[in-house]
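Residue numbers (the numbering used here): 9 to 85.
I have placed the structure first, in the form of structure tokens, so that the comments after it can refer back to it.
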């Protein structure tokens with residue numbers, strides 16, 4: 009069987025693949041834009057996650073933080 013380190017590495021690779029995919033950036037951008045657009049319409053442009061399918065700096069920071077938290081939770085599970 010596979011060692012626990014290999015299983016952990018595969019889980020992290022799959023997690024990275026999902027979190028860093030362009031579809032995920034577009035989906036999160038739609039959700040964040042809808043929420044921020046309703047709460048603070050004048051500041052919606054500051055919370056842009058993706059622009060023309062490419063991640064913004066803010067989007068990269070958000071997805072990096074999500075990956076870090078998820079990796080920590082996978083490691084402690």
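Using N, Cα and C, we set each Cβ at its ideal position, and we do this for glycine too.
Is residue i buried or exposed, if buried means 16 or more other CB atoms sit within 10 Å of its CB?
| i | result |
| --- | --- |
| residue 71 | buried |
| residue 33 | buried |
| residue 63 | buried |
With a threshold of 7 Å on Cβ separation, who are the neighbours of residue i within its own chain once the five nearest residues in sequence on each side are excluded?
| i | result |
| --- | --- |
| residue 24 | 75 |
According to DSSP, which residues form a beta bridge with residue i?
| i | result |
| --- | --- |
| residue 58 | 63 |
With a CB to CB cut of under 8 Å and the five nearest residues on each side skipped, what residues in its chain are close to residue i?
| i | result |
| --- | --- |
| residue 67 | 33, 36, 37, 56, 57 and 58 |
| residue 82 | 16, 19, 20 and 23 |
| residue 26 | 32 |
Measuring CB to CB, does residue i end up less than 8 Å from residue j?
| i | j | result |
| --- | --- | --- |
| residue 52 | residue 61 | no |
Residues in the same chain with beta-carbon distance under 6 Å from residue i, minus the five sequence neighbours each way, listed in chain order, please.
| i | result |
| --- | --- |
| residue 12 | none |
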